[in-house]
Each structure stands twice: as structure tokens, then as C-alpha cells.
Amino acid sequence: GQNIDQPTEMTATEGAIVQINCTYQTSGFNGLFWYQQHAGEAPTFLSYNVLDGLEEKGRFSSFLSRSKGYSYLLLKELQMKDSASYLCAVKNTDKLIFGTGTRLQVFP
Amino acid sequence: DTEVTQTPKHLVMGMTNKKSLKCEQHMGHRAMYWYKQKAKKPPELMFVYSYEKLSINESVPSRFSPECPNSSLLNLHLHALQPEDSALYLCASSLSPGGWNQPQHFGDGTRLSIL
Numbered sequence: 003g004q005n006i007d008q009p010t011e012m013t014a015t016e017g018a019i020v021q022i023n024c025t026y027q028t029s030g031f032n033g034l035f036w037y038q039q040h041a042g043e044a045p046t047f048l049s050y051n052v053l054d055g056l057e058e059k060g061r062f063s064s065f066l067s068r069s070k071g072y073s074y075l076l077l078k079e080l081q082m083k084d085s086a087s088y089l090c091a092v093k094n095t096d097k098l099i100f101g102t103g104t105r106l107q108v109f110p
Numbered sequence: 163d164t165e166v167t168q169t170p171k172h173l174v175m176g177m178t179n180k181k182s183l184k185c186e187q188h189m190g191h192r193a194m195y196w197y198k199q200k201a202k203k204p205p206e207l208m209f210v211y212s213y214e215k216l217s218i219n220e221s222v223p224s225r226f227s228p229e230c231p232n233s234s235l236l237n238l239h240l241h242a243l244q245p246e247d248s249a250l251y252l253c254a255s256s257l258s259p260g261g262w263n264q265p266q267h268f269g270d271g272t273r274l275s276i277l
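First to last, the protein sequences are chains P and G. Note that the first sequence covers residues 3 to 110 in my numbering. Note that the second sequence covers residues 163 to 277 in my numbering.
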């Protein structure tokens with residue numbers, strides 16, 4: 003079976019740091035992607051990890067531990083526009099399997 | 163705006179109608195995908211086309227029929243849909259199907275309502 007779990011909802015304050023966790027159990031693994039999706043819009047690619055460790059891209063960083071089946075997305079210096087759903091997705095050969103998604107709300 | 167273009171943006175159809183959703187990309191991508199997304203849920207994979215050939219069908223009912231006329235276009239033909247098929251249908255593309263670090267690029271989707 004395929005299980006990719008994330009917290010359903012999170013809240014944070016503008017300017018703060020938030021960490022969104024993702025745990026996975028999948029039959030195969032070819033990498034882990036993070037996407038951002040604003041309501042009514044397309045998912046947009048944020049980051050990718052295939053090896054253990056931290057990948058940093060501006061205000062966003064993503065971490066992967068393959069042995070633990072665990073990843074997180076770190077968002078720094080939160081802005082109001084960061085209010086969105088964040089989707090963790092595991093690539094398994096040609097397939098991208100999405101996690102349950104985390105709705106993040108940023109307050110002033 | 164995204165580099166994957168989907169039309170129409172909205173579609174309302176009856177259960178006996180036949181309609182098609184269209185998807186186009188000009189990034190030279192050779193893998194294209196259809197997803198279904200219900201409200202407050204993640205996208206669910208329906209079909210994968212690899213070099214214009216259907217490589218994955220996730221046990222999708224036959225009332226959904228995909229077609230890939232060429233490397234830039236992907237269609238989804240709809241016939242005799244059910245109310246539970248109402249959802250956002252997303253098209254995506256990536257450079258090649260098995261590429262390790264190649265993200266999928268999504269279109270804005272077609273919001274489909276079945277009456």
C-alpha cells in the first residue's frame with residue numbers, strides 16, 4: 003500500500019518559521035517533491051529531494067531522511083501570500099503520489 | 163499563468179453529454195498526465211502518457227477516455243459521467259517519464275460539474 007501523511011491544518015504568524023512534516027510508506031521511491039497550491043489554482047513546484055539531507059531554495063528548505071520515511075518543508079519569514087495548501091508527493095517510477103496535503107494559514 | 167494550458171476552465175454537462183477536456187504544452191515535455199482533484203483533497207493520478215503512448219491507467223472507468231494526438235496535446239474525452247465525477251481535472255507534464263529530478267508542471271485545471 004501507499005501511505006503519505008501530513009498534518010491537515012497549520013497556522014502561523016507573519017514573519018515566523020513553520021515546519022510542515024510528511025511521513026511516507028510507499029512500494030518504491032524515486033524522490034520526494036513539495037508543491038504549493040493556492041485555492042482554485044494549479045499546484046506549483048517548490049522543491050525536490052532524492053538524497054538524504056537539506057535542500058535550500060530561498061525562504062523554502064526541504065529535508066529528507068529515506069531511512070525514516072520522513073521529509074519536512076521549512077518556510078521562513080512567512081508572508082501572508084504563503085497561505086496555501088502544501089502537498090508532499092513521492093515519485094514511484096512514472097507516478098507521483100500525493101500526500102493528504104497541509105492547509106497553512108498565515109495570520110498578521 | 164502556467165506553461166501548461168487547459169481548456170475550458172469551467173465545464174457544466176449533463177450525464178448524457180459528450181465533451182472533451184484539452185491540455186497543451188510547448189516545453190518539449192514527453193510525459194503528460196491527467197489528475198482528478200476533489201475539494202480539499204490531493205490530486206489523484208488517472209493516466210500517464212509516455213512518448214505519446216498510454217503507460218499507466220489507474221483503473222479509471224471507461225467513461226473517461228484519454229487521447230494523445232501528438233507530443234504537445236493531451237485530451238480527455240468524457241461520456242456518460244456521474245455526479246460524483248464533478249471535480250477539478252488537472253493536466254501536468256514533465257520532461258521525461260522516469261527522470262529523477264524532473265518536476266511535473268501543472269495546468270490551472272478544468273472545473274467540471276455534472277448535473
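By construction, the Cβ of each residue, glycine as well, lies at the ideal position given by its N, Cα and C atoms. The structure displayed is predicted, hence computed values, not measured ones.
7 Å Cβ cutoff, residue i in contact with chain G
i         : result
Lys-97/P  : yes
Gly-30/P  : no
Gly-60/P  : no
Gly-103/P : yes
Tyr-88/P  : no
Pro-45/P  : yes
Opening and closing residue of the beta strand (DSSP E) in which residue i lies
i         : result
Val-92/P  : 86-94
Ala-193/G : 193-199
Pro-223/G : That residue, Pro-223/G, is in no beta strand (DSSP E); it is neither H nor E in DSSP.
Met-82/P  : That residue, Met-82/P, is in no beta strand (DSSP E); it is neither H nor E in DSSP.
Gln-27/P  : 20-27
His-172/G : 172-175
Val-52/P  : Careful: Val-52/P lies outside any beta strand (DSSP E) and carries neither H nor E.
Thr-2/P   : Any property of residue 2/P remains undetermined from this structure, which presents chain P solely from 3 to 110.
Strand pairing of residue i, partner residues [DSSP]
i         : result
Val-166/G : Gln-187/G
Lys-181/G : Leu-240/G
Tyr-72/P  : Thr-25/P, Ser-67/P
Glu-246/G : Glu-246/G pairs with nothing; no bridge assigned.
Tyr-211/G : Met-194/G, Leu-216/G
Asn-232/G : Leu-235/G
Ala-254/G : Tyr-195/G, Phe-268/G
Thr-104/P : Tyr-88/P
Gln-39/P  : Ser-87/P
Asn-5/P   : Gln-27/P
Leu-98/P  : Lys-93/P
Leu-34/P  : Asn-51/P, Val-92/P
Arg-273/G : His-172/G, Leu-250/G
Lys-59/P  : Phe-62/P
7 Å Cβ cutoff, residue i in contact with chain P
i         : result
Ser-217/G : yes
Gly-176/G : no
Gln-187/G : no
Pro-265/G : yes
Leu-235/G : no
Phe-226/G : no
Cβ separation of residue i and residue j, assumed to be a contact under 8 Å, to the nearest whole Å
i         : j         : result
Thr-95/P  : Gly-190/G : With 8 Å as the limit, Thr-95/P and Gly-190/G do not qualify as a contact, their Cβ atoms being about 21 Å apart.
Lys-198/G : Ala-249/G : 5 Å
Glu-43/P  : Val-108/P : Incorrect: roughly 17 Å between the Cβ atoms, too far for contact.
Pro-204/G : Thr-10/P  : Not really, about 12 Å apart at Cβ, beyond 8 Å.
Lys-70/P  : Asn-32/P  : Their Cβ separation, rounded to whole angstroms, is 18 Å, which puts Lys-70/P and Asn-32/P out of contact at 8 Å.
Cys-90/P  : Ser-73/P  : 6 Å
Hey, is the stretch 230-250 of chain G in contact with the stretch 182-202 of chain G, meaning 3+ C-beta pairs nearer than 8 Å? yes
Does the stretch 13-28 of chain P touch the stretch 238-254 of chain G, meaning 3 or more C-beta pairs lie closer than 8 Å? no
Is it true that the stretch 70-77 of chain P meets the stretch 52-62 of chain P, where meeting means three or more beta-carbon pairs spaced less than 8 Å apart? yes
Do the stretch 34-41 of chain P and the stretch 83-103 of chain P touch if we need at least three Cβ pairs shorter than 8 Å? yes
Could you check whether the stretch 167-181 of chain G touches the stretch 265-273 of chain G, counting it as contact only if at least three pairs of C-beta atoms, one from each stretch, sit closer than 8 Å? yes
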